[in-house]
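Peer 1: Got a structure for you, written out below as C-alpha cells; questions coming shortly.
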C-alpha cells in the first residue's frame, strides 16, 4: 500500500498554516502506511548563492545526541564555511552561502553516519520510521510553513523499513518524489543511469524513479517532457507526486492501480490517496473533487 | 422509528453497519441517513433488507457492496469498488465513482451520474449498470452476464474477453478489447436502453447508442490462432 498527500496553498496568507493543514492529511493515511512517514516542504527560496541541506543523524551511533554544534565548528575550521544549523533531535537544516557539492562531499567523508536528506534553495525534508502521528510529532510538522509540500506514509513492500528508505526521495536540488505502488523494472533503470555517473543510496525501487526524473530535468527537459519520458521508461504500478521549488506534479500509471483524489478550492490544491485525508480541509464541501486520470500529467504552480 | 440518522463524525461506522444488519430488518426502519461519511470505507455493505440508505458526502471503498434488496444513494462520490458483488437492490452514486464500480455484480441496478473509473463492471455476472458519464479503460472485462449503459465515452479495451454481457455506449470507444465487437442495434436493444435509462432517471435518445457484445471467438480453443488474438 502506502499513502501519499500533497498540499499547495494559493494564498500567501495561508503559508504559515501549511503544516497545520497537512498533519491530519498525513495521519489520515496511517492505515495505508503505518511503518514510516516523511514530507518535503518548499519554502520561500534562499538567495541565489545560498543552499540549505537537510541532515539526518538517526542512522549513526550518536542518533539524536549528535553534536550539531560541533559540526558547525568543524565546517568553519576545515572549509571556512559559516553555516547556520537549526537542529531538532536527529534532524537538522544547515543553511549557508555555499556551493553545496564540496560541503556534501566533506560531510560524507567526515561524518559517514550522517544521511543527507535534501539539498536546495527551497526544500526542507524530514523522514523517519514510526507511525505518521509519531513522525509528525517528532519533527513538529504542524508548525511547518511554506507554499507547498508532498508527504508519504509507507507500508514497505520493496525494501526494508529504515529511515533512508522512507519517502520522499530526492535527487539533485529542490526536487523530491513520493510513490504509491511498486516498479517492476527499477534495476533496469538503475543499470541505465549508473553509466551516467548517477549513484544510488538505497535498494529502493522509488529511488530509481526519482533519480531518472531528476536526471531528465538536469539534462534540460522541462517537467512535462521528463514525466512523458517517465511514462515510457518506468514500468509497474505508480502514483507519483513530485515537488519542485515552484511546482507540484502528479502522474498515475496507465492501469491506475494506485489511487489518488484531488480537491481544489480558491485557497488550495490538496491531493491524497483517498478522500479520507481531505475530509477535514476548510471549505471541503465546496471544493472541486476529482480523480486524476491515468497517464495524464497534473502540474500545479506554487 | 421509520427514519434514523447517523453522524459519522460522532459515531463509529461499525455502529451504523451493525444497526443496518441487525436492527433495520426487525424494527421496521425504512430509511437511514448517514452524514459526514468523509470517505470512510465499507459504508452500508451487506444490506439484507429493503432499507433505504442515504449517504450525504463522499464515500470511501466498497460502499453498498454485497447489497441485497437495499437502496443506497450516495450524494457525493464513491471510492473503489462501489456496489461490488451486489446481488439485488439499487445503488445510486450522484457524483463520480472510482475504479472497479460494480465489480462482479450479480444483480440489481447501479447508477452512476458522473464518470466511472477504470474496470467498471469487471467480471459482471448479472444486473445492470448505467453510467451517466464516461468509463475508464478495461471496463466490462470478462463480463459474463448483465447489461451496461454508458452515456459518455469508454476508455481502452472495452469489453475485453466478454461473455454474454451486453454493453451500450453513446460516446466514443477508445478501443475494444479482444473479442468485443460492435453489433447492430435491434428493437429489443432500443427498448432495453430506454428502460434502463428510465430506471436511472437519465434522458438520452436510445437511437444514439451502439451495442457491444462478444464475437464469441474466444469461446473455444483455436489451435490455428498461434497465440494471436
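Protein chains in written order, with my numbering: chain A, 69 to 370; chain B, -2 to 226.
Every residue gets a Cβ at the ideal spot worked out from N, C-alpha and C, and that includes glycine.
Given the structure is predicted, the values throughout are model-derived calculations rather than measurements.
Since residue 37 of chain B meets chain A, which of its residues come closer than 8 Å, beta carbon to beta carbon?
Peer 2: Scanning chain A for C-beta atoms nearer than 8 Å to the C-beta of residue 37 of chain B yields 344, reported in chain order.
Peer 1: Could you work out which residues of chain B lie near residue 357 of chain A, taking near to mean beta carbons separated by less than 9 Å?
Peer 2: Taking the beta carbon of residue 357 of chain A as reference, the chain B residues within 9 Å of it are 55, 73, 74, 92, 93, listed in sequence order.
Peer 1: For chain B, find out if any of its Cβ atoms is closer than 7 Å to the Cβ of residue 165 of chain A; answer yes or no.
Peer 2: no
Peer 1: Over what stretch of residues does the alpha helix (DSSP H) that includes residue 276 of chain A continue unbroken?
Peer 2: For residue 276 of chain A, the uninterrupted alpha helix (DSSP H) segment begins and ends at 273 to 286.
Peer 1: Residue 251 of chain A and residue 181 of chain A - do their beta-carbons sit closer together than 7 Å?
Peer 2: no
Peer 1: By alpha-carbon positions, which one of B:26, B:131, B:32 ends up nearest to residue 67 of chain B?
Peer 2: Here the closest residue by C-alpha is B:26.
Peer 1: Starting from residue 347 of chain A, find everything on chain B with Cβ-Cβ shorter than 7 Å and list it in chain order.
Peer 2: In chain order: 35, 36.
Peer 1: What is the DSSP secondary structure of residue 90 of chain A, counted as helix, strand or coil?
Peer 2: Looking at residue 90 of chain A - three-state DSSP - the assignment turns out to be helix.
Peer 1: Can you give the Cα-Cα distance for residue 272 of chain A and residue 282 of chain A, rounded to whole angstroms?
Peer 2: 16 Å
Peer 1: Hey, residue 222 of chain A and residue 325 of chain A: beta-carbon distance below 7 Å or not?
Peer 2: no
Peer 1: Please tell me whether residue 328 of chain A and residue 320 of chain A are closer than 7 Å, where the distance is taken between their beta carbons.
Peer 2: yes
Peer 1: Between which two residues does the alpha helix (DSSP H) holding residue 296 of chain A run?
Peer 2: Taken as a continuous stretch (DSSP letters only), the alpha helix (DSSP H) holding residue 296 of chain A covers 291 to 301.
Peer 1: Just the C-alpha distance for residue 318 of chain A and residue 330 of chain A, rounded to the nearest angstrom, thanks.
Peer 2: 10 Å
Peer 1: Interface residues of chain B around residue 243 of chain A at Cβ under 8 Å?
Peer 2: Result: empty, since nearest Cβ-Cβ is about 29 Å, beyond 8 Å.
Peer 1: Note down the Cα distance separating residue 111 of chain A from residue 33 of chain B, rounded to an integer number of angstroms.
Peer 2: 34 Å
Peer 1: Should residue 8 of chain B go down as buried or exposed, given a rule of 16 or more other Cβ atoms within 10 Å for buried?
Peer 2: Flag for residue 8 of chain B reads exposed.
Peer 1: Using the beta-carbon count (16 or more within 10 Å), is residue 41 of chain A buried or exposed?
Peer 2: A question about residue 41 of chain A goes unanswered here, because the residues of chain A that appear run from 69 up to 370.
Peer 1: Under the DSSP definition of a beta bridge, which residues are partnered with residue 255 of chain A?
Peer 2: In DSSP, residue 255 of chain A forms no bridge with anything.
Peer 1: Are residue 154 of chain B and residue 134 of chain B closer than 7 Å when you measure CB to CB?
Peer 2: yes
Peer 1: Would you check if the distance between the CB atom of residue 420 of chain A and the CB atom of residue 279 of chain A is smaller than 7 Å?
Peer 2: Past the boundaries of the shown model lies residue 420 of chain A; chain A is included only from 69 to 370, so the question cannot be answered.
Peer 1: Hey, could you find the ends of the alpha helix (DSSP H) residue 145 of chain A is sitting in?
Peer 2: Counted as a single uninterrupted DSSP element, the alpha helix (DSSP H) harbouring residue 145 of chain A occupies residues 136 to 147.
Peer 1: Within 10 Å of its beta-carbon, does residue 145 of chain A have 16 or more other beta-carbons around it, so buried, or fewer, so exposed?
Peer 2: exposed
Peer 1: Tell me residue 58 of chain B's beta-bridge partners as DSSP assigns them.
Peer 2: Looking at the DSSP assignment, residue 58 of chain B forms no beta bridge with any residue, so it has no partner.
Peer 1: In chain B, what lies closer than 8 Å to residue 362 of chain A by C-beta?
Peer 2: 115, 133, 134
Peer 1: Anyone know if the C-beta pair for residue 180 of chain B and residue 208 of chain B falls short of 7 Å?
Peer 2: yes
Peer 1: Who are the neighbours of residue 96 of chain B on chain A, taking C-beta pairs under 7 Å?
Peer 2: 324
Peer 1: Residue range of the beta strand (DSSP E) that residue 36 of chain A falls in?
Peer 2: Residue 36 of chain A lies beyond the range of chain A shown here (69 to 370); nothing can be said about it.
Peer 1: Using the three-state DSSP reduction, which class does residue 18 of chain B fall into: helix, strand or coil?
Peer 2: helix
Peer 1: Report, in whole angstroms, the separation of the C-beta atoms of residue 220 of chain A and residue 76 of chain A, which I expect to be a contact under 8 Å.
Peer 2: About 16 Å; that fails the 8 Å criterion.
Peer 1: In terms of DSSP beta bridges, what is residue 103 of chain B paired with?
Peer 2: In the DSSP output, where bridge partners are listed per residue, residue 103 of chain B has none listed.
Peer 1: Using beta-carbon positions only, say whether residue 58 of chain B and residue 38 of chain B come within less than 7 Å of one another.
Peer 2: yes
Peer 1: Give the single residue among B:22, B:178, B:16, B:47 whose Cα lies nearest to the Cα of residue 40 of chain B.
Peer 2: B:16
Peer 1: Under 8 Å between beta-carbons, which chain B residues line up against residue 327 of chain A? List them in chain order, please.
Peer 2: 76, 77, 95, 96
Peer 1: Leaving out five residues before and five after residue 154 of chain A in sequence, what residues of the same chain have Cβ atoms less than 6 Å from its Cβ?
Peer 2: 161
Peer 1: Among B:96, B:116, B:42, whose alpha-carbon lies nearest the alpha-carbon of residue 86 of chain B?
Peer 2: B:42
Peer 1: How far does the alpha helix (DSSP H) with residue 186 of chain B in it extend, from its first residue to its last?
Peer 2: 184 to 197 is the span of the alpha helix (DSSP H), which, as asked, contains residue 186 of chain B.
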